[in-house]
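First residue of the sequence shown: 190, per the numbering used here; consecutive thereafter.
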Amino acid sequence: MDWAWWSSNSVSIIANTIGIVANSFLLCMVLKKTPKHLISYSVLIFDIALCDLIACIGAIFILLRVISYGPNSYNFYYGPCRLFGPGICMIAHGLILSCHQHGIHSLLVSFAYRYYVLVRDPPRVYKVAATVILVYLPTFFVFIAFASSDEDQAIVKADIEKNLGHDMSSECFSSEKEWGMNLSSYYLMLPPLPIYITILILRRLIISKITLQTTMSERTRQLHKQLLRALAIQACLPVLYLGGTVVSLAKILEIYDHPVMGYAFVYSFLFIPAINLLVSLYLVGPYRVWIRDKFLMWKQPNAKGTASTTVKALQQRGIVAPMQPQLLHS
């Protein structure tokens, strides 16, 4: 095991452990601290946080390294999934990909929701949940196809030993059939383009509605702006996938090669769950206020408390006479 293996897997374990703890915390926040006016929208926050949580758990479970050689891609697994065999590792790998793919689709649903509530009453929770399930169905079918496209182990082992010269006696590995790899790759790369075009259109419509709406209170207007800002930041995060794609292409085209590049695909997904969490906790007002009050001990003084404190201070200085007991009950 070289330094690239140790450093890459250590970073992956630390980052994903933070992601597991943080997203578990966000899920608890959604279940316990969501105000009534955000209950239906919280289904979408819960959906994204759950996907990020599963992706983080899966990343530690498989500890993936991807090595490309020509048109072929070989997956090496160094996590606990080795105990269950490459088939389970392959399923976990596909589940992680499906979580990230579904996360992009959930962003589109979230933008559509923000526009919907500007023109109609908020939908019921079960309708939002049903929409999330329907949106996930295509991703689920791609996940099933990917998990079923495992290439024969003997063929993969012979190819790796021939092309890469690796000793495969103690390795846990897999490779997809060409159709499975192409299907998952196209599904990850092609849908985001029309999705982002639609998101940009919806964002423009939402901003226009918020600006032109005259009957909306300032508090409601600020809430819409905060949630829209959170979604806009989260929509930019999948750009990190491009880093892994560029590095993989550089390796395939033999432009440059380095041991760390085998982990580039993993690093492109690594920090998205944590950033998603921070955006949700900071820009969703009720969650931010609860964290501030609970952990930072920074509460806004209310008017009653401020008045009481002022009166006591004046009484101590002799400026105001203490109130008589009978007056307190009059």
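Virtual Cβ for every residue (Gly too), placed ideally from N, Cα, C.
It should be emphasised that the depicted structure is a prediction, and the values quoted were computed from it without experimental measurement.
- In terms of Cβ geometry, Leu252 and Ser287 do not form a close pair [threshold 9 Å].
- Fewer than three Cβ pairs drawn from the segment 267 to 278 and the segment 213 to 232 lie within less than 8 Å of each other, which leaves the two stretches out of contact.
- The beta carbon of Ile388 lies closer than 7 Å to those of Leu296, Leu297, Phe300 and Ala424 in the same chain, with the five residues before and after it left out.
- Cβ atoms of Met357 and Ile349 come within 8 Å of each other, at about 6 Å.
- For the 9 Å CB-CB criterion, His294 and Gly247 do not form a contact.
- In the DSSP assignment, Leu253 falls within the beta strand (DSSP E) that extends over Leu253 to Tyr258.
- Linking Ile243 to Ile285 through their CA atoms gives a straight-line distance of about 7 Å.
- If only complete runs of 3 or more residues are kept, the segment 352 to 411 shows the beta strand (DSSP E) at 361 to 363, in order along the chain.
- The segment 314 to 329 makes no contact with the segment 357 to 371, as fewer than three CB pairs between them are under 8 Å.
- Three or more Cβ pairs closer than 8 Å define a contact, and the segment 216 to 233 meets that threshold against the segment 313 to 326.
- Around the beta carbon of Val314, fewer than 16 other beta carbons sit within 10 angstroms, so the residue counts as exposed.
- Residue burial is scored here from C-beta neighbours: Phe484 has fewer than 16 other C-beta atoms within 10 angstroms and is therefore classed as exposed.
- With respect to the 9 Å criterion, Val468 and Ile422 are classified as neighbours on the basis of their beta carbons.
- Residue state for Asp310 is assigned as coil, using DSSP reduced to three classes.
- Trp368 is the residue among Trp368, Asp310, Lys221 and Tyr325 whose C-alpha sits nearest the C-alpha of Ser338.
- Ala238 is a Cβ neighbour of Val219, given a cutoff of 9 Å.
- Judged by DSSP secondary structure, Phe265 falls within the beta strand (DSSP E) whose first and last residues are Asn261 to Tyr266.
- Within the same chain, Cβ atoms closer than 7 Å to the Cβ of Ile228 are found at Val314, the five residues on either side in sequence being excluded.
- Between the alpha carbons of Lys398 and Tyr476 lies a gap of roughly 25 Å.
- Counting the other Cβ atoms within 10 Å of the Cβ of Ile386 gives fewer than 16, which makes it exposed.
- One alpha carbon belongs to Lys222, the other to Trp479, and they sit about 8 Å apart.
- At the C-beta level, Asn261 and Ser364 come within 9 Å of one another.
- CA-to-CA, the gap between Ala463 and Pro381 works out to about 21 Å.
- For Asp236, the secondary structure class from DSSP, reduced to helix, strand or coil, is helix.
- Close CB contacts of Val473 within its chain, under the 8 Å cut and outside five residues either way in sequence, are with Leu227, Ile234, Gln415, Leu416 and Ala419 (chain order).
- The alpha-carbon of Tyr375 is positioned some 31 Å away from that of Ser196.
- Arg392 and Tyr305 have their C-alpha atoms some 12 Å from each other.
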